[in-house]
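Protein chains: 2
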Amino acid sequence: MRKGQYTMQDIANELGISKSTVSRALKNHPDISQDTKDAVHKLAKEKDYQPNSLALSLRHNKSFVLGIIVPEIVHDFFANVISGVQKVAYNEGYNVMICISNESTEQEIVDTKAMFSSRVDGLLISRTKESNDLSHLKSIVNKGVPLVMFDRVSEELNVSKVITDDFQGAYMATEHLIKQGCKNIIHLSGPDNLAIGRNRKNGYLAALKDYNIAVDENMIIPCPKGDLDEGKSTMYDIIDQKIEFDAVFANNDVTAIGAMNAAKEKGLSIPNDVSVIGFGDWRLSQLLDPPLSSIEQSGVDIGVTAAKLLLEQIRAEEKDEDFTPRTEVVESHLIKRGSSIHN
Amino acid sequence: MRKGQYTMQDIANELGISKSTVSRALKNHPDISQDTKDAVHKLAKEKDYQPNSLALSLRHNKSFVLGIIVPEIVHDFFANVISGVQKVAYNEGYNVMICISNESTEQEIVDTKAMFSSRVDGLLISRTKESNDLSHLKSIVNKGVPLVMFDRVSEELNVSKVITDDFQGAYMATEHLIKQGCKNIIHLSGPDNLAIGRNRKNGYLAALKDYNIAVDENMIIPCPKGDLDEGKSTMYDIIDQKIEFDAVFANNDVTAIGAMNAAKEKGLSIPNDVSVIGFGDWRLSQLLDPPLSSIEQSGVDIGVTAAKLLLEQIRAEEKDEDFTPRTEVVESHLIKRGSSIHN
DNA sequence: TTTTTCATTTCAATCGGTTGCGCTGATTTT
DNA sequence: AAAATCAGCGCAACCGATTGAAATGAAAAA
Numbered sequence: 002m003r004k005g006q007y008t009m010q011d012i013a014n015e016l017g018i019s020k021s022t023v024s025r026a027l028k029n030h031p032d033i034s035q036d037t038k039d040a041v042h043k044l045a046k047e048k049d050y051q052p053n054s055l056a057l058s059l060r061h062n063k064s065f066v067l068g069i070i071v072p073e074i075v076h077d078f079f080a081n082v083i084s085g086v087q088k089v090a091y092n093e094g095y096n097v098m099i100c101i102s103n104e105s106t107e108q109e110i111v112d113t114k115a116m117f118s119s120r121v122d123g124l125l126i127s128r129t130k131e132s133n134d135l136s137h138l139k140s141i142v143n144k145g146v147p148l149v150m151f152d153r154v155s156e157e158l159n160v161s162k163v164i165t166d167d168f169q170g171a172y173m174a175t176e177h178l179i180k181q182g183c184k185n186i187i188h189l190s191g192p193d194n195l196a197i198g199r200n201r202k203n204g205y206l207a208a209l210k211d212y213n214i215a216v217d218e219n220m221i222i223p224c225p226k227g228d229l230d231e232g233k234s235t236m237y238d239i240i241d242q243k244i245e246f247d248a249v250f251a252n253n254d255v256t257a258i259g260a261m262n263a264a265k266e267k268g269l270s271i272p273n274d275v276s277v278i279g280f281g282d283w284r285l286s287q288l289l290d291p292p293l294s295s296i297e298q299s300g301v302d303i304g305v306t307a308a309k310l311l312l313e314q315i316r317a318e319e320k321d322e323d324f325t326p327r328t329e330v331v332e333s334h335l336i337k338r339g340s341s342i343h344n
Numbered sequence: 002m003r004k005g006q007y008t009m010q011d012i013a014n015e016l017g018i019s020k021s022t023v024s025r026a027l028k029n030h031p032d033i034s035q036d037t038k039d040a041v042h043k044l045a046k047e048k049d050y051q052p053n054s055l056a057l058s059l060r061h062n063k064s065f066v067l068g069i070i071v072p073e074i075v076h077d078f079f080a081n082v083i084s085g086v087q088k089v090a091y092n093e094g095y096n097v098m099i100c101i102s103n104e105s106t107e108q109e110i111v112d113t114k115a116m117f118s119s120r121v122d123g124l125l126i127s128r129t130k131e132s133n134d135l136s137h138l139k140s141i142v143n144k145g146v147p148l149v150m151f152d153r154v155s156e157e158l159n160v161s162k163v164i165t166d167d168f169q170g171a172y173m174a175t176e177h178l179i180k181q182g183c184k185n186i187i188h189l190s191g192p193d194n195l196a197i198g199r200n201r202k203n204g205y206l207a208a209l210k211d212y213n214i215a216v217d218e219n220m221i222i223p224c225p226k227g228d229l230d231e232g233k234s235t236m237y238d239i240i241d242q243k244i245e246f247d248a249v250f251a252n253n254d255v256t257a258i259g260a261m262n263a264a265k266e267k268g269l270s271i272p273n274d275v276s277v278i279g280f281g282d283w284r285l286s287q288l289l290d291p292p293l294s295s296i297e298q299s300g301v302d303i304g305v306t307a308a309k310l311l312l313e314q315i316r317a318e319e320k321d322e323d324f325t326p327r328t329e330v331v332e333s334h335l336i337k338r339g340s341s342i343h344n
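Chains A and B, in that order, are what the protein sequence lines are. So the first sequence is numbered by our numbering: it starts at 2 and just counts up by one. So the second sequence is numbered by our numbering: it starts at 2 and just counts up by one.
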């Protein structure tokens with residue numbers, strides 16, 4: 002970068018014409034003679050001229066960059082979302098700038114500001130688990146930046162959202178366990194401040210109700226962190242407390258894996274003593290022993306849907322059209338595997 | 002974005018001063034009176050003024066953005082590298098722009114140009130498997146953009162590189178198998194056009210030689226795609242051809258898992274009939290049955306090292322100092338697990 | 001009173017590309 | 001031959017922030 006870049010002015014100087022002519026020649030403006038166009042194109046190719054997007058963005062107030070903030074990246078779901086977003090963005094001529102909040106609200110705030118500063122044309126975000134602070138998001142929305150939330154969304158914000166059908170997925174998972182003959186189904190629930198966690202819990206509750214199984218609040222155990230160790234230690238606690246159970250529906254696959262590992266270590270057989278089902282369908286969940294049943298949430302679909310929604314809004318606003326934010330629900334699917342199927 | 006942003010000029014107008022004064026006031030330039038500074042800071046805070054990075058970048062010929070191009074993102078190794086890069090970049094005030102080449106050279110070329118157009122201050126890249134075309138990389142280097150290659154590097158390019166000690170890792174893996182008593186070790190090798198694959202093969206060969214085991218070229222089977230299905234089908238072929246073997250060292254974990262699954266399906270016991278070891282240590286490899294032995298390649302370390310190297314070069318060139326590209330080798334470690342340990 | 005000095009502030013160019021408008025000279029119309 | 005038309009190109013402002021140099025005005029020195 003330090004060295005001077007090769008600019009339109011340079012082309013202009015070499016050819017003894019003005020840079021406006023160069024600019025128009027490069028985009029085949031009808032005002033420019035064919036001779037001039039040819040000369041300009043030839044030189045531009047020779048010198049491998051590449052336009053400076055910064056200058057363009059500044060001029061047009063438009064960067065052709067979409068921002069995306071995810072809590073983690075070493076995570077199949079988010080990685081899939083990103084690849085879905087990229088696919089759509091590429092096809093529409095946009096680039097993607099990614100920030101990782103690392104599940105930290107402070108980082109999320111910094112990232113949001115950075116995104117605004119670099120004038121992304123729109124922002125996609127899945128929030129950190131920990132916080133309820135929305136001021137930074139409100140602020141960026143007020144400044145007119147189109148925002149789409151996905152997966153971990155907040156109802157309070159009037160923006161477009163893309164979510165999986167958490168309720169339905171949890172309902173299917175629970176129903177599946179019930180149909181396998183399970184009566185005492187533990188739910189390892191997610192953080193209560195995220196709709197996602199609440200919806201999954203509600204799906205679980207609804208299935209129990211529909212099948213006339215009494216709800217025992219002690220069987221709903223919060224696992225807000227949702228990592229392997231939490232799943233493990235929670236399962237140890239459950240077993241130590243001699244809570245009677247024959248199935249576990251976890252808020253996510255990692256927690257389910259932790260619980261499964263702990264149960265196996267304690268000598269319980271899966272799925273015969275305990276059926277286990279997760280949520281999210283990790284790429285490798287099918288390779289476990291036994292393979293983990295799960296609710297498939299297509300990260301790619303969510304990414305694609307969210308990116309399209311965002312671009313729709315960006316374009317509407319560019320044309321000064323009204324755009325009413327909406328929420329799209331991406332279907333989830335029950336994946337039955339060995340961890341929950343009784344022989 | 003469409004709506005006018007709140008700029009320094011706006012602050013200047015409201016306060017009846019010039020924008021240069023606003024600029025200096027915001028950065029506490031000594032020339033500006035305290036009263037003016039206070040007024041400017043107050044208004045800036047009130048209106049939530051955020052500087053336009055595009056304008057800054059254009060002015061300073063410096064974007065504070067590092068670009069990174071990876072072949073895949075739904076991949077623990079690359080995701081870890083990215084998170085390592087992000088960590089370093091954040092601390093140094095840089096943002097990260099990510100592109101995914103999807104193992105396609107054309108995409109890689111497009112991405113490289115896009116990165117240059119948005120004037121990243123430096124570029125990190127791990128190449129696609131398929132190609133040997135380096136012209137786009139040469140071109141960006143010629144334009145003065147610092148470039149660091151990691152993991153999948155090319156010797157032909159005189160730039161900094163960060164690699165794992167593939168030779169040593171492969172040697173350790175092979176040695177480990179030999180020490181477990183294995184005599185007929187199959188190597189599922191990687192693509193030959195990448196140094197990474199060649200080095201691993203050489204490590205395997207060196208270990209065999211050191212332990213006086215004859216090399217059988219038929220036991221070295223290329224798996225250039227390196228995906229699950231290739232691992233599986235290759236293993237089926239091997240078994241069908243009745244090749245005698247008691248161990249498999251695969252170029253990566255996914256291939257190893259594919260081979261392991263296929264072997265299990267064919268009724269072979271792991272590790273008793275066949276010992277298996279992979280390369281790369283996937284996050285979930287330890288959760289398999291049996292857990293997969295592997296050579297740990299710390300993606301995070303590679304990302305951190307590569308980012309630091311890139312920043313070092315960027316800074317040197319900013320100060321017009323010379324910088325000689327160098328190659329850093331990140332250690333790899335043998336992780337022994339159930340898939341290779343004989344009882 | 002005139003000249004210096006100094007603290008503040010403004011002016012204007014700059015980064016690279018875009019674009020409305022005006023200018024030039026040649027060709028066509030009347 | 002004078003007027004109108006038009007192709008082709010250049011001028012200059014603009015996007016938002018920075019920065020060296022010049023300007024302003026008031027207080028201090030001569």
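Ideal Cβ positions, reconstructed from N, Cα and C, are used throughout, including at glycine.
| Query | Result |
| --- | --- |
| Contacts of residue 117 (chain B) in chain A (Cβ-Cβ under 8 Å) | 51 |
| Within 8 Å, strictly: CB atoms of residue 130 (chain A) and residue 104 (chain A) | yes |
| Distance between residue 178 (chain B) and residue 268 (chain B) (C-alpha atoms, nearest Å) | 21 Å |
| Chain-order list of residues whose beta-carbon lies under 7 Å from that of residue 265 (chain B) (same chain, five-residue window excluded) | 271 |
| Meets three-Cβ-pair contact criterion under 8 Å: the segment 276-291 of chain A and the segment 326-342 of chain A | yes |
| Proximity to residue 110 (chain B) [Cα-Cα], best of B:151, B:96, B:126 | B:126 |
| Chain B within 8 Å of residue 284 (chain A), Cβ atoms only | yes |
| DSSP beta-bridge partners of residue 223 (chain B) | B:190 |
| Complete runs of the beta strand (DSSP E) confined to the segment 243-271 of chain B [at least 3 residues] | 248-251 |
| Near-chain A residues of the segment 285-301 of chain B - C-beta to any C-beta below 7 Å | 285, 288, 289, 290 |
| Contact with chain A by residue 238 (chain B), beta-carbon distance below 8 Å | no |
| Beta strand (DSSP E) runs wholly inside the segment 132-184 of chain A, at least 3 long, in chain order | 148-151, 161-165 |
| Cβ-based neighbour list, residue 307 (chain A), same chain, cut-off 7 Å, excluding 5 preceding and 5 following | 86, 125, 149, 151, 163 |
| Residue 336 (chain B): contacting residues in chain A (beta-carbon distance under 9 Å) | Per Cβ cutoff of 9 Å: no residues; residue 336 (chain B) is ~16 Å from chain A at best. |
| Integer Cβ distance of residue 157 (chain A) from residue 135 (chain A), believed to fall under 8 Å | 6 Å |
| Of the residues B:128, B:72, B:10, the one placed nearest residue 44 (chain B), counting alpha carbons only | B:10 |
| Extent of the continuous beta strand (DSSP E) to which residue 314 (chain B) belongs | Element bounds for residue 314 (chain B): not the beta strand (DSSP E) but the alpha helix (DSSP H), 300-319. |
| Residues of the segment 81-107 of chain A with Cβ closer than 9 Å to any Cβ of chain B, in chain order | 81, 83, 84, 87, 88, 91, 96, 97, 98, 99, 100, 101, 103 |
| Interface residues of chain B facing residue 1 (chain A) [CB-CB closer than 9 Å] | Absent from the structure is residue 1 (chain A), since the part of chain A shown begins at 2 and ends at 344. |
| The segment 206-219 of chain B touching the segment 307-319 of chain B, judged by at least three CB pairs closer than 8 Å | no |
| Closest by C-alpha distance to residue 185 (chain B), when choosing among B:226, B:221, B:343, B:92 | B:221 |
| DSSP-derived helix/strand/coil call for residue 234 (chain B) | helix |
| Range covered by the beta strand (DSSP E) that runs through residue 103 (chain B) | Segment: none, residue 103 (chain B) is in no beta strand (DSSP E) and carries neither H nor E. |
| Segment contact flag, the segment 80-95 of chain A with the segment 8-22 of chain B, C-beta cutoff 8 Å, min 3 pairs | no |
| Neighbour list for residue 258 (chain A) in chain B, Cβ cutoff strictly below 7 Å | 288 |
| Simplified DSSP assignment, three categories, for residue 195 (chain A) | coil |
| Inter-residue spacing [alpha-carbon to alpha-carbon] between residue 314 (chain A) and residue 326 (chain A) | 8 Å |
| Touch test, the segment 60-78 of chain B against the segment 61-72 of chain A, Cβ-Cβ under 8 Å, three pairs minimum | no |
| For residue 248 (chain B), the nearest candidate out of B:132, B:224, B:279 (CA to CA) | B:279 |
| Option in A:92, A:197, A:228 with minimal Cα separation from residue 261 (chain A) | A:228 |
| Expected contact under 8 Å - CB spacing of residue 296 (chain A) and residue 196 (chain A) to nearest Å | No, residue 296 (chain A) and residue 196 (chain A) are not in contact; Cβ-Cβ is about 16 Å, not under 8 Å. |
| For residue 333 (chain A) and residue 200 (chain A), the rounded distance between their alpha carbons | 13 Å |
| 7 Å Cβ cut-off: residues of chain A touching residue 140 (chain B) | 49 |
| First through last residue of the alpha helix (DSSP H) which encompasses residue 89 (chain A) | 77-92 |
| Beta strand (DSSP E) segment containing residue 67 (chain B), residue limits | 66-71 |
| Short Cβ contact (8 Å threshold) for residue 301 (chain A) with residue 166 (chain A) | no |
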